[in-house]
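In what follows, a single structure is set out as structure tokens and then discussed.
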Amino acid sequence: MAIAIDFGTSNTVISRWNQTTQQPEIVKLPGLSIISGQNPPLIPSLVYVENAAEKKVVIGQQVRDKGYDINTDSRFFRNFKRGIGSDIKGFLPELDGQIVSFEQVGELFLQEVVAGIRKVPLPVESLIFTVPVDSFEAYRNWLGEVCQSLQVDQVRMIDEPTAAALGYAMKEAEILLVVDFGGGTLDLSLVRLDNSIQKQPLGFILKWGEKSFGKSSNQKPKIARVLAKSGQNLGGSDIDNWLVDYFVKNQGIEKTPLTTRLAEKLKIQLSLQQQATEVYFDDENLESYELELGRDGFEEILKEKGFFVSLDNSMNQVLQQAKRQGIELSEIDAVLLVGGTVQIPAVQRWVKEYFDAAKIRCEKPFEAISQGALQLTQGVEVKDFLYHSYGIRYWDRRKNAHSWHPLIKSGQPYPMSNPVELVLGASVNSQPSIELILGELGAESGGTEVYFDGDRLITRKISGEETSVQPLNDKEGGRNIAQLIPPGNPGSDRIKVLFWVDESRFLRITVEDLLTNEILLNEQAVVQLS
């Protein structure tokens, strides 16, 4: 049986395929899931580390039920998905004699989730994980390593926007815009669903393991391709923090788990009504506060924080990419809204500024992604491409600083049929070796910084025109690609380097010494891009 896991910043959703009804359904994990009449059973992405040495944790709704969700407690983790694979600015807690990383917290969380699925009990033969559209390889590599410890026969990955398009089961529509706006990230993807094989494929999909199709189906598999993408670290948790900051400034309340929870409740209420009120009682000072906010005031806070400007930037980026593909705004058949933040009326109104209301769908904000991921087991095929570009670091004499030259462009299908060739020479006399630093290139509009602000884990966009880069081999022993015997001297080409990506998404290099005609490295794997 295949199980799909949508591991989100704020909430995690589990789906399975019901063989009896031939429909996807949400899996409720006793003790871990929130039982709510308004939403499907969601698992809060929360972790409390009881004993780091013994890897004993409490996760999900149990963290709240036991009162462990205290932000100032170093054993409590929320929004930890943001920190996985990131260079954290700040501190990581030391618990029970060891430093605890966000990667370790995420691994313990997923292990407990899978254990909870087995306790239902449900067989876990195949897992499908959804991944953020803007995640670097470090996050996907981490997820792949975690899967090795889950004792599952097969694990695959699909990007979240593509899964959402499949989850809404748009049979007639061909070109879809998916707006995935959850607790931690905003992802926009333009997706094409069709039954034809195009000569020039567009888009990408991430995977782990082999593809699998329904054995009983004789139908031609449907192809899902991503045509354009845009993503940024902005979500519902940021809005909750803005609301808490507003009440701290205007009413003098303290930042506590309770006030953060009340702010979240106000936000949810304001999605349903024009005015919202929550009562806060400070049991230490025996004082009570009434937190009251109208929808107009709420939207004014969003404007002051540049919320709608950020949304416009992401939308314009996707629409510009679409235009370069020859796709006009009027050709987009449907707009699919997923994630809890899309329930905010101001967000829905913002989408309607670009698209006719008849094209917008918002009835499956929580379950569309995990249920769509299950379509990989029902005869849906997804094409494989690279999202990020990859390049080498060089010294820019004009800027007097290091810069990056792209070698493999984003959107490149793999395996690559033709390698990229690079010829290098020595830069100083009697040079004993040549070093090369390879990097994964992010968006050219600036990078994302992850850092601590007190007890909060914050992400913010870094303005500027420099490309955000995550080096792949910038470590001791990893930079040296060629020992030169005899040593090299400036004035002539010395080595030829071939770069390509194989069928398993390994970035490989071959290095030839042009002086001795010797192969110094032969199809050496640098990193697996998945």
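In my numbering, the protein residues as written are 90 to 619.
For glycine and all other residues, C-beta sits at the position ideal for the given N, C-alpha and C.
None of these values were measured; they are calculated from a predicted model.
* To do: Mind checking which residues open and close the alpha helix (DSSP H) that includes Ala254?
  => Glu249 to Gly256
* To do: Assuming Pro130 contacts Ser122 (C-beta within less than 8 Å), just tell me the rounded distance between them.
  => 4 Å
* To do: Return the CA-CA distance between Ile570 and Gln437, expressed in angstroms with no decimal places.
  => 52 Å
* Which residues DSSP lists as bridging Trp493, in chain order -> Arg482
* Best match in Lys144, Thr101, Asn578 and Glu524 for proximity to Ser190 [C-alpha to C-alpha] -> Lys144
* To do: Taking 8 Å as the threshold, find out whether the stretch 259–273 comes into contact with the stretch 410–423 through three or more Cβ pairs.
  => yes
* Asked: Whose C-beta lies closer than 8 Å to the C-beta of Ser360 among residues of the same chain, with five residues either side of it excluded?
  -> Gln432, Ile433 and Pro434
* Asked: How would you label Thr430, buried or exposed, when you count the other beta carbons within 10 angstroms and need 16 or more for buried?
  -> buried
* On the three-state DSSP scale, how would you describe Arg487? -> coil
* Ile598 to Val152, Cα distance in whole Å? -> 47 Å
* **Residues sharing a beta bridge with Thr366, DSSP** => Glu381
* In or out: Thr219 buried (at least 16 other Cβ within 10 Å) or exposed? -> buried
* Which partner residues of Tyr228 appear in the DSSP bridge assignment? -> According to DSSP, Tyr228 bridges with nothing at all.
* Quick one: complete beta strand (DSSP E) runs, 3+ long, within the stretch 154–204? -> 165–167
* To do: Excluding the 5 residues preceding and the 5 following Leu400 in the sequence, name in chain order all residues of the same chain whose CB lies nearer than 6 Å to its CB.
  => Trp439
* Asked: Do Ala252 and Ile115 have their C-beta atoms closer together than 8 Å?
  -> no
* How is Ser326 classed by DSSP in three states: helix, strand or coil? -> helix
* Asked: Can you list, in chain order, the residues of its chain whose CB lies under 8 Å from that of Leu347, leaving out five sequence neighbours each side?
  -> Tyr369
* Asked: Which term fits Ser685, buried or exposed, when burial requires 16 or more other beta carbons within 10 angstroms of its beta carbon?
  -> In this structure the chain extends from 90 to 619, so residue 685 is not present and cannot be described.
* **Cross-strand partners of Leu408 (DSSP beta bridge)** => In DSSP, Leu408 forms no bridge with anything.
* **Residue range of the beta strand (DSSP E) that includes Ile584** => Asp582 to Val590
* If you follow the beta strand (DSSP E) that Ile570 is part of, which residue opens it and which one closes it? -> Asn569 to Gly577
* CA nearest to the CA of Ile217, picked from Arg281, His477, Asp162 and Gln464 -> Gln464
* **Coarse secondary structure for Ser285, derived from DSSP in three states** => The predicted model places Ser285 with a pLDDT of 44, which falls under 50 and marks its position as unreliable, so this point remains unresolved.
* **Beta-bridge pairing of Tyr137 - partner residues as DSSP gives them** => Val147 and Phe165
* **Best match in Val558, Gly514 and Glu381 for proximity to His494 [C-alpha to C-alpha]** => Val558
* Asked: When we look at the beta-carbon of Asp67 and count the other beta-carbons within 10 Å, is it buried (16 or more) or exposed?
  -> Residue numbering for the chain in the displayed model covers 90 to 619; residue 67 lies beyond these limits and cannot be assessed.
* To do: Can you check DSSP and say which residues form a bridge with Gly514?
  => Asp582
* Assuming Asp185 contacts Asn140 (C-beta within less than 8 Å), just tell me the rounded distance between them. => 6 Å
* To do: Buried or exposed for Asn100, please, with buried defined as at least 16 other CB atoms from any protein chain shown within 10 angstroms of its CB.
  => buried
* Asked: For Gly318, which of helix, strand or coil comes out of DSSP?
  -> In the sequence as presented, Gly is not what sits at residue 318; that position holds Lys. Reduced to three states, the DSSP call for Lys318 is strand.
* Asked: DSSP on Gly461, reduced to helix/strand/coil?
  -> helix
* Leu351 versus Phe336, Glu376 and Gln363, residue with shortest Cα-Cα distance -> Phe336
* Distance, Cα to Cα, Trp106 vs Tyr257? -> 15 Å
* Could you spell out where the alpha helix (DSSP H) holding Thr430 opens and where it closes? => No alpha helix (DSSP H) holds Thr430; DSSP gives it neither H nor E.
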